[in-house]
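Reading the sequence shown from the start, the letters are residues 1 to 276 in the working numbering.
We put the beta carbon where it would ideally sit given N, CA and C, even for glycine.
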Amino acid sequence: MGQFIYSQQFVLPHFFLSRSLQFVPCSSAASCVGTMQRGWSGRGFEEPESLQSSVTLRPGQSSLPAQGLNAHCKALAVKCMICPLPLIPCRHFGQSSKLLRHQVTHTGEKPYKCPECGKIFSQSSNLAEHRRTHAGQKLHRCGICGKSFALGSYLAKHQITHTGERPYRCTECGKGFRQSSNLIQHQRTHTGERPYTCPQCGKSFCQNSHLIKHRRTHTGERPYRCPQCGKSFRQSANLLEHQNTHTGERPYQCGQCGKSFCWSSAFSKHQRTHLS
């Protein structure tokens with residue numbers, strides 16, 4: 001499809017093409033797409049307008065009156081040209097930036113890096129939320145049990161524990177998972193794939209998060225610091241468990257004797273006493 005060029009007086013400022021955005025009149029998508037590919041022959045637009053109020057498209061170098069275009073395209077839609085997502089009404093995209101953020105999911109680009117632990121993200125909002133794990137902030141609370149989490153994604157995963165739903169099923173062994181990412185990681189146990197390799201010692205891992213944690217054993221880095229006592233940890237999960245010692249929370253309870261623990265490691269050690 002050719003590039004859209006607009007005059008300053010064009011009356012549809014939201015009808016804007018940037019990078020691989022594709023704007024399609026959703027009321028008659030098929031015919032309009034065909035017309036656009038031919039360079040807009042002008043069929044269906046009767047009133048002549050001046051160049052200052054027209055839209056020019058390439059290739060074809062044809063002009064269409066903005067008034068006629070506005071009447072014809074009563075509803076515009078924006079569509080990603082990479083994936084088959086359904087057309088979304090353009091009123092939901094005040095700017096092209098939202099679709100551009102979506103398209104990053106196709107390129108794999110992750111330009112936002114955490115200055116504390118080096119983890120990278122595709123969205124600045126995801127980085128901002130991640131940095132709360134370093135500060136120990138838990139802003140996302142479960143409405144069912146009241147448990148709080150540093151990240152909204154952690155809360156979403158937790159809430160599935162209340163429903164017991166496991167919608168993602170392995171086609172090899174039939175095992176079900178709550179998250180699609182867990183299924184992908186599990187499938188590597190069947191294939192033996194370990195795509196993440198440490199450049200320092202050559203050890204490989206099936207998950208990137210495992211590689212990140214492993215590399216801290218080489219650097220000695222402890223990026224997760226407790227805001228109350230200053231103690232630091234290599235993993236965010238260890239910081240979250242450590243904070244239980246300050247709050248008195250004991251989330252790990254033995255189903256046999258009822259004893260509860262702050263640390264999952266202490267809980268696991270206790271459970272072995274029932275087996276002996």
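1. If I measure Cβ to Cβ from Phe267 and keep anything under 6 Å in the same chain, skipping five residues before and after, which residues do I get?
2. Please go through the same chain and pick out, in chain order, the residues whose beta-carbon is closer than 6 Å to the beta-carbon of Leu85, but skip the five residues on each side of it.
3. For Ala150, count neighbouring Cβ atoms within 10 angstroms of its own Cβ and tell me buried if that reaches 16, exposed if not.
4. Can you tell me where the alpha helix (DSSP H) holding Gln296 begins and where it ends?
5. Using the beta-carbon count (16 or more within 10 Å), is His218 buried or exposed?
6. Can you tell me whether Lys113 is buried or exposed? The criterion is at least 16 other CB atoms within 10 Å of its CB, across all chains shown.
7. Taking the straight line between their C-alpha atoms, what separation do you get for His190 and Gly143?
8. Smallest Cα separation from Glu172: which of Ile184, His162, Gln179?
9. Which stretch, first to last residue, makes up the alpha helix (DSSP H) that contains Arg188?
10. For Cys117, I'd like the list of residues in its chain whose CB is within less than 6 Å of its CB, leaving aside the five on either flank, ordered along the chain.
11. So, helix, strand or coil for Ser18, using DSSP?
12. Compare the beta carbon distance of Ser236 and Thr133 with 7 Å and say whether it is the shorter of the two.
13. Helix, strand or coil, according to DSSP, for Gln253 in the structure here?
14. Can you tell me whether Ile212 is helix, strand or coil according to DSSP?
15. Where does the unbroken alpha helix (DSSP H) through Lys269 begin, and where does it stop?
16. Applying the 10 Å Cβ sphere with the 16-neighbour rule, what's the burial state of Glu241?
17. Tell me the rounded alpha-carbon separation between Arg215 and Pro115.
18. Alpha carbon to alpha carbon, how far is Lys203 from Ser181? Give it in angstroms, no decimals.
19. Determine the DSSP secondary structure at Thr197, reduced to helix, strand or coil.
20. CA-CA distance, Trp263 and Arg178?
21. Where does His162 land, buried or exposed, given buried means 16+ other C-beta within 10 angstroms?
So, from the data block:
1. Along the sequence shown, read from residue 1 onward, the residue named residue 267 stands at position 267. Result list for Phe267: Tyr252, Phe261, in chain order.
2. Within the sequence shown, residue 85 is the residue found at index 85, counting from 1. At Leu85 the pLDDT is 46, less than 50, meaning the model places this residue with poor confidence and gives no usable figure here.
3. For the purposes of this step, residue 150 is identified with residue 150 of the sequence shown, where counting begins at 1. Buried is the call here.
4. The requested residue 296 does not occur in the structure, where the chain is confined to residues 1 to 276.
5. Residue numbering aside, residue 218 sits at position 218 when the sequence shown is read from its first letter. His218 is exposed by the Cβ-count criterion.
6. What you label residue 113 is simply residue 113 of the sequence shown in a count that begins at 1. A residue is called buried when at least 16 other Cβ atoms come within 10 angstroms of its Cβ; Lys113 does not meet this threshold and is exposed.
7. Numbered from 1 along the sequence shown, position 190 holds the residue referred to as residue 190. Numbered from 1 along the sequence shown, position 143 holds the residue referred to as residue 143. Roughly 37 Å separates the two Cα atoms.
8. Along the sequence shown, one-based indexing puts residue 172 at 172. If we check each option's Cα against that of Glu172, Ile184 comes out closest.
9. The residue given as residue 188 occupies position 188 in the sequence shown. Arg188 -> alpha helix (DSSP H) spans 180-191.
10. For the purposes of this step, residue 117 is taken as residue 117 along the sequence shown, with counting starting at 1. For Cys117, where only same-chain residues beyond five positions count, the Cβ hits under 6 Å are Pro223.
11. Locating residue 18 in the sequence shown gives position 18, counting from the first residue. With a pLDDT of 31 at Ser18, under the threshold of 50, the modelled position of that residue is not reliable, and no figure is offered here.
12. The residue labelled residue 236 in the question sits at position 236 within the sequence shown. The residue labelled residue 133 in the question sits at position 133 within the sequence shown. A contact, by the Cβ cut-off of 7 Å.
13. Here residue 253 refers to the residue found at position 253 of the sequence shown. In the structure shown, Gln253 sits in a strand (DSSP, three-state: E or B).
14. Position 212 of the sequence shown, counted from the start, is the residue given in the question as residue 212. DSSP places Ile212 in helix when its eight states are reduced to three.
15. For the purposes of this step, residue 269 is taken as residue 269 along the sequence shown, with counting starting at 1. Its alpha helix (DSSP H) spans residues 264-275.
16. Translated into the one-based positions of the sequence shown, residue 241 becomes position 241. Buried, by the Cβ-count rule.
17. Position 215 of the sequence shown holds residue 215. Position 115 of the sequence shown holds residue 115. Taking the straight line joining both Cα atoms gives about 16 Å.
18. The residue labelled residue 181 in the question sits at position 181 within the sequence shown. The residue labelled residue 203 in the question sits at position 203 within the sequence shown. Near 22 Å, if we compare the C-alpha coordinates of Lys203 and Ser181.
19. Translated into the one-based positions of the sequence shown, residue 197 becomes position 197. Correct three-state label for Thr197: strand.
20. Here residue 263 corresponds to residue number 263 of the sequence shown, with the count starting at 1. Here residue 178 corresponds to residue number 178 of the sequence shown, with the count starting at 1. Between Trp263 and Arg178, the C-alpha separation is close to 24 Å.
21. Here residue 162 refers to the residue found at position 162 when the sequence shown is read from its first residue. Its Cβ having fewer than 16 others within 10 Å, His162 is exposed.
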